[in-house]
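Residue numbers (the UniProt record's numbering): 1 to 227. Structure first, then comments.
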């Protein structure tokens with residue numbers, strides 16, 4: 001007894017050789033799938049000249065600059081980095097207020113020695129010896145500022161500065177007095193002697209007041225021999 005014969009050609013044996021039963025609906029054949037095709041996008045290649053000037057940007061006129069300045073448009077040249085751009089809208093721009101000039105450097109930056117201390121108030125022993133270096137010559141002549149220069153001035157730079165200036169003025173004053181003494185036999189020499197003494201007293205008082213305020217007074221017409 002033999003079973004149902006196998007189909008020729010070596011095909012697979014169907015589960016229902018006589019056809020599917022009535023309760024199973026017929027199956028529709030599956031459609032064949034088409035292979036996926038990779039579509040290359042169309043790309044237009046444009047040659048860029050790195051040395052060519054970019055076209056002006058009408059939307060941003062602030063970008064119109066010369067060839068030595070920042071990039072002239074929004075596009076950045078190949079291999080470059082943007083070096084300048086306007087501040088975003090709505091953000092504050094830092095700078096001096098309109099109508100005001102930027103702050104000036106301190107007076108000492110001008111190189112003048114009379115602004116050396118910048119008006120700083122006197123402190124400690126400076127309160128006594130700085131003014132004394134100017135009024136003491138009215139009593140002791142050149143000896144007072146010389147002693148201050150060699151003693152207190154060795155440890156205090158401010159006292160040394162005032163004592164040196166006072167000593168130089170006293171030396172110049174004595175040279176003027178000597179010249180007036182040589183011309184004392186005429187009226188011009190006598191008048192010059194009186195005016196020189198009055199001028200020395202006035203300048204000593206002015207220098208004393210200025211030194212109390214913390215300023216360095218510079219005597220006019222002074223030969224600064226001691227440095």
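In this text, a Cβ means the ideal position worked out from N, Cα and C, and glycines have one as well.
Residue range of the alpha helix (DSSP H) that includes residue i
i           : result
residue 157 : 157-182
residue 192 : 187-212
residue 147 : 143-150
residue 134 : 126-135
Separation of residue j from residue i, as counted between CA atoms
i           : j           : result
residue 201 : residue 208 : 11 Å
residue 127 : residue 185 : 44 Å
residue 161 : residue 187 : 38 Å
residue 170 : residue 122 : 24 Å
residue 206 : residue 215 : 11 Å
residue 155 : residue 183 : 42 Å
residue 134 : residue 223 : 16 Å
residue 197 : residue 149 : 24 Å
residue 221 : residue 189 : 18 Å
Buried or exposed (CB count within 10 angstroms, at least 16 for buried), residue i
i           : result
residue 152 : buried
residue 34  : exposed
residue 129 : buried
residue 157 : exposed
residue 28  : exposed
residue 165 : buried
residue 124 : exposed
Own chain, CB closer than 6 Å to residue i, minus 5 neighbours either side, in chain order
i          : result
residue 67 : Only weak support exists for where residue 67 lies, its pLDDT of 49 falling under 50; the value from the coordinates is given anyway. Cβ within range, chain order: n/a, list empty.
Reference residue i, options the options, closest by Cα
i           : options          : result
residue 212 : 48, 28, 132, 163 : 132
residue 141 : 191, 172, 120    : 172
residue 177 : 163, 195, 168    : 195
Same chain, Cβ closer than 7 Å to residue i, five either side skipped, listed in chain order
i           : result
residue 210 : 217
residue 137 : 144, 145, 166, 170, 204
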